[in-house]
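Worksheet: the structure to be examined is printed underneath.
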Amino acid sequence: MKVKKLKVSVRETRGGGVGRRKRNEGLIPGIVYSKDFPATKIELNNDEFVQVAERSYPSQVFEFESDNAELNGKQAIVKDIQREYLKAAVLHVDFQVLAADRPVKVSVPLNVHGEAVGVKAQGGVLTVSCRTIRLSCLPGSIPEILDVNISALQLGERIRTGDLELPEGATLAGNPMETVANVISGRLSRLAAAEGGAGEGASAA
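Under my numbering, the final residue of the sequence shown carries the number 1114; numbering is consecutive throughout.
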């Protein structure tokens, strides 16, 4: 994975209305922490972060550029983003600092692709139940995305998270029995859709 640069500064915390004033200046408050790194309040440019974040996967690793010697050069991942309820504007960002020799748990997107045999030749319907997977791996081994080829999937078969081929050094941090994709009969698919519609109708009534 390509590491992306991100400019951050230590955040001023004294004085009333500092947070509101900083947001009016186009800055986002945040915090940086880890097991071996003291929690540090930071601020970063809203436009820069939004632009970078929208083009990044959830597992993206960032490298800080900062005037603060303790922050400069540190690598981190986003652990949480707080957003305004209606406008979805970013209100606060939490970063976890990474250690090169310590595994970290990350959510990695799944790229489910291919045309399943069970759909193409057996009349089944593909259902995809899982779009991300939790992995534990060293920072240098974090994948941007995992490919899941479902071309060989037949009617009645499924792929579980425990079946996926993981990058070297990565281990599954979630439930190995969670279904990623399966092919069911068209009849079952129609029955499920009909039951769902009936349930919605009853709720509306």
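Backbone N, C-alpha and C fix where the C-beta goes; we use that ideal spot for every residue, glycine too.
Source: prediction; values computed, not measured.
Among the bridge pairs identified by DSSP, GLN991 is matched with HIS1001. A Cβ-Cβ distance of about 20 Å is found for the pair ALA1025 and ILE1054, leaving them out of contact under the 8 Å criterion.
If you draw a straight line from the Cα of ILE986 to the Cα of GLY1065, it is about 38 Å long. The residue from GLU1077, LYS996, ASP989 with its alpha-carbon nearest to that of GLN1005 is ASP989.
Under the DSSP definition of a beta bridge, PRO938 partners with GLU952. The Cβ atoms of ASN977 and VAL919 sit closer than 8 Å to each other. If only complete runs of 4 or more residues are kept, the stretch 1015-1082 shows the alpha helix (DSSP H) at 1026-1029, in order along the chain. In this structure, the beta-carbon distance from VAL1057 to LEU1073 falls below 8 Å. In the same chain as THR1041, and ignoring 5 residues on each side of it, the C-beta atoms closer than 8 Å to its own belong to PRO967, SER1016, VAL1017, PRO1018, LEU1019, in chain order. Excluding sequence positions up to five before and after VAL970, its CB lies within less than 8 Å of the CB of MET910, VAL912, LYS913, GLN984, ALA985, ILE986, LEU1007, PRO1048, ILE1051, all in the same chain and listed in chain order.
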